Every structure is written in C-alpha cells, then in structure tokens.
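Below is one structure, written out as structure tokens; comments come after it.
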Amino acid sequence: MDVIIRTVTKGIFPFILLLGFSIIFHGHLTPGGSFPGGAVVASGFALVAVAFGLKGAEKLISEETVHLVEGLVALMLAGLILYESFVRKYVGLGGGFFGMWSSPTVLSLNVAGGLMVMSALVLIVFLVVRE
Amino acid sequence: MLETLVTGALLSVIGIYCVIAKKNLVKKMIGLGIFTNFIHLMLISTGFREGGIAPIIIRENVGFFAAYSVDPLPQALVLTSIVIQLSVTALGLSIAILAFRHFNTLDTEKMNKLKG
Amino acid sequence: MNKKIIVLCLMLALFFALVIGVFSLPSFSAWESKDVSRYYMDNSLEKTGSSSVVSAIVWDFRGFDTMGEETVLFTATAGILTLMAVGFRRRK
Chain E
1006 MDVIIRTVTK GIFPFILLLG FSIIFHGHLT PGGSFPGGAV VASGFALVAV
1056 AFGLKGAEKL ISEETVHLVE GLVALMLAGL ILYESFVRKY VGLGGGFFGM
1106 WSSPTVLSLN VAGGLMVMSA LVLIVFLVVR E
Chain Z
4 MLETLVTGAL LSVIGIYCVI AKKNLVKKMI GLGIFTNFIH LMLISTGFRE
54 GGIAPIIIRE NVGFFAAYSV DPLPQALVLT SIVIQLSVTA LGLSIAILAF
104 RHFNTLDTEK MNKLKG
Chain C
66 MNKKIIVLCL MLALFFALVI GVFSLPSFSA WESKDVSRYY MDNSLEKTGS
116 SSVVSAIVWD FRGFDTMGEE TVLFTATAGI LTLMAVGFRR RK
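Taken in order, these protein sequences are the chains called E, Z and C.
What the first sequence shows, in the working numbering, is residues 1006 to 1136, in sequence order.
What the second sequence shows, in the working numbering, is residues 4 to 119, in sequence order.
What the third sequence shows, in the working numbering, is residues 66 to 157, in sequence order.
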C-alpha cells in the first residue's frame, strides 16, 4: 500500500501489542480482561495484513502457528475451568493482597481466553483477506 | 433512567425493521448488529445507581464498596453475548460471500428466480 | 407500497409492546431485592482473590457459561474454514 501507511505501521505495531498484552495481564485488577485485550492484539495483526498484504503478514506469524495455538489453548481453557470448579479449595498465594499474584487461576484464565480470542479473530481476518 | 430504556427500545425496533424490509443481504446483517447492540445497552443500563463508582475493589473503598458501586452482574452477562454476536456476524457474512459467488447478485428477491 | 405500510404498522405495534413492558418492570434502584449481586460483591475478594468483580463473576462464579461461549467461538471459526474451502479446485 502507501508509503506513509507502511512506515507508520512499522513504527506503531509493537506498541499496539504492548497495550493489548497489558490489558490481558491486568485483567484481575483493572476493568478489561481477556475479551477486549484479545480484540486489541488481533487488530494489530489486522493492521499489518492491510498495510503489507497477506505475504507480509505471513512473514510475521504463519497460519499453521495460529491453528496450533487455537487448538492447544481451547484444551487448556477447558481443563483450567474444570480444575477451578471441582478441585481448588484455597485462595491463591497472596504476594501482597492487591498485587499481581493475588489470584493465579483468574490470571491464567485471562491469558488463555485472550490467546483464544486473538487467534480466532486473526484467523477470520486472514481467511477473508485471502478472497 | 426510564428515558434510556425507551430510547433503546425505539432503536431496537429500527434494527428489526432493517432486517425485515431491506433487500440487500449486507444491509440485513447491519440491521441485526444494530438490534443486538441496543439490546445490550438496555441490559447494562438496568444496573444504574446515582453517584456510583466502578465495581473494582481497591484499598481505599473496601469499607463502603457495597453501598456505592453499580451492579456488576448484567455487565458479565453482556460480555458473553458480545462474543456470540461476533460469531453470528462472521458466519452470516461468510454465507453472503458464498451466495454472491453462486448467484452473482446480492438481491434476495432475485435469488428466488434463478435455478442453480 | 402496501407491503411497506403493513411492515411499518407492525413495527409501531412492537414498539408500543416494548414500551409497556419497560414501564411495568420494578423500579431499577431497588437494591433491596438484588440478592445475587450483593452476594457476589461481598464475597469476591475472599473466595477468589481478584479485585475486579466482573472478572471474578465471568471466570469463577459463572465459569461454565464462559466455557460454553468459547465453544461457540471455536465452532464459528471451524465453520468459516469449511465455508471458505468450498470453491477450491485442485489443479492436478
């Protein structure tokens, strides 16, 4: 595409990823969580797919990687939710009561859900752009 | 408080009108999106509280949190519904692409007459 | 012209039904009858350890709803993959 769009995309893409992962990782302390964070990360990849075409996006993350991530994360999510409902009977390690490790199950569930939403949206964008 | 719900009801009816009365397939999907989003707005606005704060427990408001915060339950239910609306819209637009490839038109009144 | 008038009358009737339904709901600041929300707000910090009540509701108290919704997302992605491979001719 245009020169301006390509240059700006090269400069701003790491910051979009940083913002998205910050929203996902602080899901148990601030509003947000897995769904808005996954949408922000997927929109960063969609920007690269629009500016550089499908070949440039394939250099960044290939389609087989996205399929693999989606399958594995789906199994991990189901396993974590069943573990939390039937097995977990204590409150997590409090490293500071309002800190990052105050709840390990909600944190790992947010990460898994964010990866799942991101891979589903990136797959939809790649499939529609290919036509 | 009640005027929010009446406005949401009016715009939801406009969304349903778009699904019924328009002939283009993409316009029908847009109407579905309008209707679903305004139903979500109506659901969230039932948890309103005057002078309320966000439902996050921080160190400063542990004591009086239950007396000042807005209702967090409709927000959690609407979060699930937004993702389901995304899936329905994505699948509907994929079927529209396939229908355009087959019939070479996006008009639902012409799709009855062609034999494929 | 006839069809548009019928559709508009139907939409007006639907709008009046919705407005009657909205006005007959209980008043919305009635916090005495919101038992479930009060239980979630009081016990979210001790039982879950997360500061955000919405995240605790979505992933801990009502975790099976979220599991069902992720299944819907996964199935929609599989469906789009199937639909996009329909006209794919393999050249030998």
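All residues carry an ideal CB built from backbone N, CA and C; glycine is no exception.
Keep in mind that this is a model prediction, so the values were computed, not measured.
Could you name the residues of the same chain whose beta carbon sits closer than 7 Å to that of residue i, not counting the 5 residues immediately before and after it, in chain order?
i                       : result
residue 126 of chain C  : 105
residue 1003 of chain E : Absent from the structure is residue 1003 of chain E, since the part of chain E shown begins at 1006 and ends at 1136.
residue 4 of chain Z    : 51
residue 47 of chain Z   : 77, 78, 81
residue 1014 of chain E : 1052, 1053, 1056
residue 1023 of chain E : none
Should residue i be labelled buried (16 or more other beta-carbon atoms within 10 Å of its own) or exposed?
i                       : result
residue 54 of chain Z   : exposed
residue 134 of chain C  : buried
residue 70 of chain C   : exposed
residue 1012 of chain E : exposed
residue 110 of chain C  : buried
residue 147 of chain C  : exposed
residue 67 of chain C   : exposed
residue 1085 of chain E : buried
residue 1045 of chain E : buried
residue 122 of chain C  : buried
residue 1127 of chain E : buried
residue 1062 of chain E : buried
residue 1129 of chain E : buried
residue 113 of chain C  : buried
residue 82 of chain C   : exposed
residue 89 of chain Z   : buried
Along the alpha helix (DSSP H) that carries residue i, what are the first and last residues, could you check?
i                       : result
residue 2 of chain Z    : There is simply no residue 2 of chain Z to check, as chain Z begins at 4 and stops at 119 in what is shown.
residue 1114 of chain E : 1109-1135
residue 1030 of chain E : 1008-1030
residue 103 of chain C  : 100-112
residue 1089 of chain E : 1068-1091
residue 1064 of chain E : 1039-1065
residue 90 of chain Z   : 76-106
residue 67 of chain Z   : That residue, residue 67 of chain Z, is in no alpha helix (DSSP H); it is neither H nor E in DSSP.
Out of the options, which has the shortest C-alpha to C-alpha gap to residue i?
i                       : options                        : result
residue 20 of chain C   : Z:111, Z:115, Z:74             : The question about residue 20 of chain C has no answer here: the residues shown for chain C are numbered 66 through 157.
residue 1038 of chain E : E:1049, E:1107, E:1025, E:1047 : E:1025
residue 142 of chain C  : E:1034, E:1123, E:1084         : E:1123
residue 87 of chain Z   : C:83, C:151, C:136             : C:136
residue 1 of chain Z    : C:140, C:119, C:131, C:128     : Chain Z is shown only over 4 to 119; residue 1 of chain Z falls outside these bounds and no answer can be derived.
residue 120 of chain Z  : Z:6, Z:38, Z:24                : Residue 120 of chain Z lies beyond the stretch modelled for chain Z, which goes from 4 to 119, so this question has no answer here.
residue 94 of chain Z   : E:1060, E:1111, E:1010, E:1125 : E:1125
residue 65 of chain Z   : C:86, C:117, C:95              : C:117
residue 1111 of chain E : E:1030, E:1022, E:1041         : E:1030
residue 129 of chain C  : E:1066, E:1065, E:1087, E:1036 : E:1087
residue 1114 of chain E : C:139, C:103, C:132            : C:132
residue 138 of chain C  : E:1009, E:1020, E:1035, E:1043 : E:1043
residue 100 of chain C  : Z:107, Z:63, Z:69, Z:62        : Z:69
residue 1072 of chain E : E:1131, E:1104, E:1010, E:1008 : E:1131
Taking C-beta pairs closer than 7 Å, name the residues in chain E that residue i reaches, listed in chain order.
i                     : result
residue 82 of chain Z : 1040
residue 62 of chain Z : 1103
Can you name, in chain order, every residue of its own chain whose Cβ lies under 6 Å from the Cβ of residue i, other than the five neighbours on each side?
i                       : result
residue 157 of chain C  : Unreliable positioning characterises residue 157 of chain C in this predicted model, as indicated by a pLDDT of 43, which lies under 50. The coordinate reading is nonetheless provided below. Result list for residue 157 of chain C: empty, nothing under 6 Å.
residue 45 of chain Z   : 8, 11
residue 1081 of chain E : 1117
residue 14 of chain Z   : 41
residue 144 of chain C  : none
residue 1006 of chain E : 1056
residue 58 of chain Z   : 72, 75
residue 111 of chain Z  : 26
residue 1136 of chain E : none
residue 18 of chain Z   : 34, 37, 38
Verify the CB distance criterion: does residue i have a CB-CB separation below 9 Å to chain B?
i                       : result
residue 1016 of chain E : Absent from the structure is chain B; the protein chains it does hold are E, Z and C.
CB-CB under 8 Å to residue i, same chain, minus the five flanking residues each way: which ones, in chain order?
i                      : result
residue 102 of chain Z : 28, 109, 114
residue 96 of chain Z  : 29, 32
residue 92 of chain Z  : 32, 35, 36
residue 85 of chain Z  : 43
Give me the chain Z residues within the contact set of residue i, using Cβ-Cβ distance strictly less than 8 Å, ordered along the chain.
i                       : result
residue 1136 of chain E : 100
residue 1036 of chain E : 57, 59
residue 1129 of chain E : 93
Quick one: list the residues of chain E neighbouring residue i, beta-carbon separation under 8 Å, in chain order.
i                      : result
residue 126 of chain C : Under the 8 Å cutoff, chain E gives no residues; its nearest Cβ is about 10 Å from residue 126 of chain C.
Taking Cβ-Cβ distances shorter than 9 Å, what residues in chain E pair up with residue i?
i                      : result
residue 132 of chain C : 1082, 1083, 1086, 1087
Who are the neighbours of residue i on chain C, taking C-beta pairs under 7 Å?
i                     : result
residue 49 of chain Z : 93
residue 23 of chain Z : 72
Please list, in chain order, the chain C residues whose beta carbon lies closer than 8 Å to that of residue i.
i                       : result
residue 1032 of chain E : 117, 120
Against residue i, what residues of chain Z qualify as contacts under a CB-to-CB distance less than 9 Å, listed in chain order?
i                     : result
residue 98 of chain C : Chain Z residues near residue 98 of chain C: none, gap ~12 Å exceeds 9 Å.
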